[in-house]
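Undergrad:
Residue numbers (our numbering), protein chains in the order written: chain L, 45 to 165; chain R, 291 to 577.
1) Using a threshold of 9 Å, state whether the C-beta atoms of residue 329 of chain R and residue 424 of chain R are closer than that.
2) If you reduce the DSSP assignment to three classes, tell me which class residue 159 of chain L lands in.
3) Quick one: grab the DSSP three-state call for residue 553 of chain R.
4) According to DSSP, residue 357 of chain R sits in a beta bridge with which residue or residues?
5) Taking residue 426 of chain R as the reference, which of R:538, R:502, R:472, R:507 has the closest Cα?
6) Sort out for me which residues DSSP pairs residue 75 of chain L with in a bridge.
7) Name the DSSP bridge partner or partners of residue 95 of chain L?
8) By the three-class DSSP mapping on this structure, what secondary structure does residue 425 of chain R have?
9) Helix or strand or just coil, what does DSSP make of residue 130 of chain L?
10) So what does DSSP say about residue 367 of chain R, is it helix, strand or coil?
11) What would DSSP say about residue 144 of chain L, mapped onto helix, strand or coil?
12) Answer yes or no: does any C-beta atom of chain R fall closer than 9 Å to that of residue 66 of chain L?
13) Taking all protein chains shown into account, decide if residue 434 of chain R is buried (16 or more other Cβ within 10 angstroms of its Cβ) or exposed.
14) Can you find at least 3 beta carbon pairs, one from the segment 374-392 of chain R and one from the segment 345-361 of chain R, that sit closer than 8 Å?
15) Using a Cβ cut-off of 7 Å, which residues of the segment 470-494 of chain R contact any Cβ in chain L, in chain order?
16) Once DSSP output is grouped into helix, strand and coil, what is the label at residue 348 of chain R?
17) For the segment 442-456 of chain R, list every residue whose C-beta sits within 7 Å of some C-beta in chain L, in sequence order.
18) Consider the Cβ of residue 164 of chain L: report whether some Cβ of chain R lies at a distance smaller than 9 Å.
19) Please list the residues of the segment 536-565 of chain R that have a C-beta atom closer than 8 Å to any C-beta atom in chain L, keeping them in chain order.
20) Can you name the residues that DSSP bridges to residue 338 of chain R?
21) What is the C-beta distance between residue 356 of chain R and residue 383 of chain R, in whole angstroms, given that I count them as a contact (C-beta under 8 Å)?
22) Can you pull the chain L neighbours of residue 521 of chain R, defined as C-beta to C-beta under 8 Å?
23) Just the chain L side, please: which residues come within less than 8 Å of residue 431 of chain R by C-beta, in chain order?
24) On the DSSP bridge assignment, give the partners of residue 488 of chain R in chain order.
25) Chain L partners of residue 400 of chain R, CB-CB under 7 Å?
26) Does the Cβ-Cβ distance between residue 550 of chain R and residue 380 of chain R come in under 9 Å?
27) Beta carbon of residue 135 of chain L, beta carbon of residue 85 of chain L: below 9 Å?
28) Using C-beta distances below 8 Å, list every residue in its chain close to residue 327 of chain R, excluding the 5 sequence neighbours before and after it, in chain order.
29) When you compare only the Cα positions, how much space is there between residue 361 of chain R and residue 561 of chain R?
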């Protein structure tokens with residue numbers, strides 16, 4: 045009985061590993077590989093998406109200041125709330141977003157957008 | 291007369307034969323008994339130490355429902371009410387296929403990650419026998435928050451990340467147990483400035499039983515050869531187990547807020563000396 049159990053367990057594990065190998069792949073990419081490459085990022089085309097995916101679960105309405113739901117809100121946060129410093133380092137307080145650093149590719153895009161003068165469209 | 295004698299002879303012989311057969315059976319029992327070593331049970335009360343897995347397994351046919359919570363940064367103080375404003379939640383279930391094999395599925399808030407897990411016991415600690423319990427543990431993350439709108443080159447496999455862990459524990463006494471865990475983490479998508487595609491780590495954990503229903507837990511996991519420019523820290527957590535009937539309630543203080551193993555061991559954002567700290571709990575309910 046015990047031997048059968050051990051055998052079944054081993055078989056289950058083996059099958060799972062086998063399925064795993066076929067179903068999933070271990071090929072890797074960096075965020076740089078799969079990011080959008082642009083020299084003129086705009087709020088509408090690039091920044092809004094990054095902000096809505098990473099910031100709006102907290103920074104909406106009056107829930108958490110600054111509000112990042114609009115173009116003006118994000119621009120204001122960059123100028124008055126150290127947005128770039130908060131996502132890039134821990135020099136201005138807890139790094140944002142909580143949970144982990146944004147991929148460098150996204151940070152670079154936001155910095156480029158700031159340098160280019162907050163292009164909206 | 292001769293019939294009587296014959297019958298009594300037969301009776302007498304059969305009694306002797308039976309008695310000797312019993313002796314044989316007893317002898318067999320005597321020889322078998324010392325060979326079977328008793329398994330040392332309950333090195334850990336909970337399935338987790340704090341964030342790390344312990345060597346405890348679900349029993350066959352048992353369902354565990356798991357609810358974990360990690361509140362936001364404690365050190366921000368009243369601004370976010372000691373973290374209660376920005377909580378992460380993980381909800382999941384674990385099922386014991388056999389006593390030595392269980393599978394689980396859970397989902398956590400951060401990055402909308404689904405985590406598939408398999409836990410299998412390879413060897414149990416025995417009283418006066420094998421010194422440790424060895425359990426294998428695998429996780430697979432599926433990150434469903436990634437979007438092709440932001441990352442046009444995103445492939446399905448980029449959403450996956452894995453850990454493979456070997457949990458080795460020893461119950462040293464009724465009160466004290468410890469665990470050592472080599473961990474291998476593989477990410478199909480990573481930021482080369484702060485992370486590695488393949489990361490090794492060594493985890494250690496311990497439990498000390500205070501009373502019948504209360505124990506204090508400690509865990510630490512060090513990454514081996516983490517990138518120099520990394521912004522993440524090694525995991526360090528302190529926990530308290532409270533056992534109440536069918537519940538196991540674990541209070542946790544940790545420098546990691548996320549709840550999936552890949553991030554726990556390689557992407558802890560907080561720091562005990564002068565960084566962010568997170569408070570939370572794991573709640574297990576057995577069905």
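No residue lacks a Cβ here, since even glycine has one placed at the ideal position from N, Cα and C.
TA: Taking the coordinates as given:
1) Position 39 of the second chain holds residue 329 of chain R. Position 134 of the second chain holds residue 424 of chain R. In this structure, residue 424 of chain R does not lie closer than 9 Å to residue 329 of chain R by Cβ.
2) As a working note, residue 159 of chain L is residue 115 in the first chain. Of the three classes helix, strand and coil, the one that applies to residue 159 of chain L here is helix, per DSSP.
3) Here the question's residue 553 of chain R lines up with position 263 in the second chain. Note: residue 553 of chain R maps to helix in three-state DSSP.
4) Taking the first residue of the second chain as position 1, residue 357 of chain R is located at position 67. BP columns for residue 357 of chain R point to R:381, R:573.
5) Here the question's residue 426 of chain R lines up with position 136 in the second chain. When each option's Cα is compared against that of residue 426 of chain R, the closest is R:472.
6) Here the question's residue 75 of chain L lines up with position 31 in the first chain. Note: residue 75 of chain L sits in no beta bridge, so no partner.
7) Here residue 95 of chain L is taken as the residue at index 51 of the first chain, counted from 1. The partner list for residue 95 of chain L (beta bridge, DSSP) is empty, contrary to what the question assumes.
8) As a position in the second chain, residue 425 of chain R is number 135, starting the count at 1. In the structure shown, residue 425 of chain R sits in a strand (DSSP, three-state: E or B).
9) Looking up residue 130 of chain L in the first chain gives position 86. In this structure, residue 130 of chain L counts as helix in the three-state DSSP scheme.
10) Your numbering for residue 367 of chain R matches position 77 in the second chain. Here residue 367 of chain R sits in helix by DSSP.
11) Residue mapping note: residue 144 of chain L aligns to position 100 of the first chain, counting from 1. Here residue 144 of chain L sits in coil by DSSP.
12) Working through the first chain from its first residue, we reach residue 66 of chain L at position 22. At residue 66 of chain L, the pLDDT of 47 sits below 50, so the modelled position is not reliable; the number obtained from the coordinates is stated separately. Not closer than 9 Å to any Cβ of chain R, the Cβ of residue 66 of chain L fails to qualify, so no.
13) Reading the second chain from its first residue, position 144 is the one you call residue 434 of chain R. Per the 10 Å Cβ criterion, exposed.
14) yes
15) 476, 477, 478, 479, 480, 481, 482, 483, 484, 487
16) The sequence position of residue 348 of chain R within the second chain is 58, counting from 1. Looking at residue 348 of chain R - three-state DSSP - the assignment turns out to be coil, as it is neither helix nor strand.
17) 442, 443, 444, 447, 448, 450
18) Residue numbering aside, residue 164 of chain L sits at position 120 when the first chain is read from its first letter. Taking Cβ atoms only, chain R never reaches closer than 9 Å to residue 164 of chain L, which makes this a no.
19) 547, 548, 553, 557, 559, 565
20) Within the second chain, residue 338 of chain R is the residue found at index 48, counting from 1. Note: residue 338 of chain R sits in a beta bridge opposite R:343.
21) Position 66 of the second chain, counted from the first residue, corresponds to residue 356 of chain R. Position 93 of the second chain, counted from the first residue, corresponds to residue 383 of chain R. Yes, residue 356 of chain R and residue 383 of chain R are in contact; Cβ-Cβ is about 7 Å, under 8 Å.
22) Start at 1 with the first residue of the second chain, and residue 521 of chain R comes out as number 231. Near residue 521 of chain R (Cβ distances below 8 Å), the residues of chain L are 134, 139, 145.
23) The residue given as residue 431 of chain R occupies position 141 in the second chain. By Cβ distance, chain L contributes nothing, its closest Cβ being about 11 Å from residue 431 of chain R, past 8 Å.
24) By 1-based counting over the second chain, the position of residue 488 of chain R is 198. For residue 488 of chain R, which the question treats as bridged, DSSP gives the partners R:476.
25) On the second chain, position 110 is the one that residue 400 of chain R refers to. What residue 400 of chain R touches in chain L: 143.
26) Stepping through the second chain from its first residue, residue 550 of chain R is reached at position 260. Stepping through the second chain from its first residue, residue 380 of chain R is reached at position 90. Yes, Cβ-Cβ distance for residue 550 of chain R and residue 380 of chain R is below 9 Å.
27) Locating residue 135 of chain L in the first chain gives position 91, where the first residue counts as 1. Locating residue 85 of chain L in the first chain gives position 41, where the first residue counts as 1. No, these two residues do not count as a Cβ contact at 9 Å.
28) Within the second chain, the letter at position 37 stands for residue 327 of chain R. 416, 417, 418, 419, 420, listed in sequence order.
29) Taking the first residue of the second chain as position 1, residue 361 of chain R is located at position 71. Taking the first residue of the second chain as position 1, residue 561 of chain R is located at position 271. Each residue's Cα considered, the two are about 15 Å apart.
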